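End of the sequence shown = 169 in our numbering, gap-free, step of one. Glycine included, C-beta positions come from ideal geometry on N, C-alpha and C. No experiment lies behind these values; they were computed from the predicted model shown.
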Amino acid sequence: MLVGRVRKLAPQNEIEARYGQINAFEKILSENGTTVLKFMLHISKDEQKERLQARLDEKRSRWKFNASDLDDRKLWDQFLAAYELMLDKCSTEWAPWHVIPADRKWARNAAIAAIVRETLEEMNPQYPKPQWDPKSFVIK
30 MLVGRVRKLA PQNEIEARYG QINAFEKILS ENGTTVLKFM LHISKDEQKE RLQARLDEKR
90 SRWKFNASDL DDRKLWDQFL AAYELMLDKC STEWAPWHVI PADRKWARNA AIAAIVRETL
150 EEMNPQYPKP QWDPKSFVIK
């Protein structure tokens, strides 16, 4: 949706309809017992510049470089506006977006881990109890 909006790859009315479709799909998941966690990893334009340059400079990272990223970078403000719109339209009570500052990977990882941990603690998952007595079996 983001690239489609910024690059005008689909009619505006189709892109607008997709927000509702995404929300409806996530609601179905939620109503059927699936917990949806969504993370928007937000990096600054300066950090993106450093990371793109590092991909060019480091031989083992060059495979990550895509020249089209430079074209998208020129549209930074349009992408930022598209992200804000997506966050506004698709952050719901049943599937909220979590915007995570991601300039520093350790801080990003800590923030996401805290949200995942809190979610799991609230869910309190348990191993299922077998319907049979494990002591009644002997492995030979």
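Membership of residue 115 in the alpha helix (DSSP H) is indicated by the continuous run 105–119. For residue 30, DSSP assigns no beta-bridge partner whatsoever.
A Cβ-Cβ contact shorter than 8 Å links residue 31 with residue 111. Note that the C-beta distance between residue 64 and residue 148 is below 8 Å. Going by DSSP, residue 70 is part of the beta strand (DSSP E) stretching over 67–71.
The DSSP-derived three-state label of residue 92 is helix. Close CB contacts of residue 47 within its chain, under the 7 Å cut and outside five residues either way in sequence, are with 30 (chain order). A straight line joining the alpha-carbon of residue 40 with that of residue 49 spans about 15 Å.
DSSP places residue 145 in the helix class (H, G or I) of the three-state scheme.
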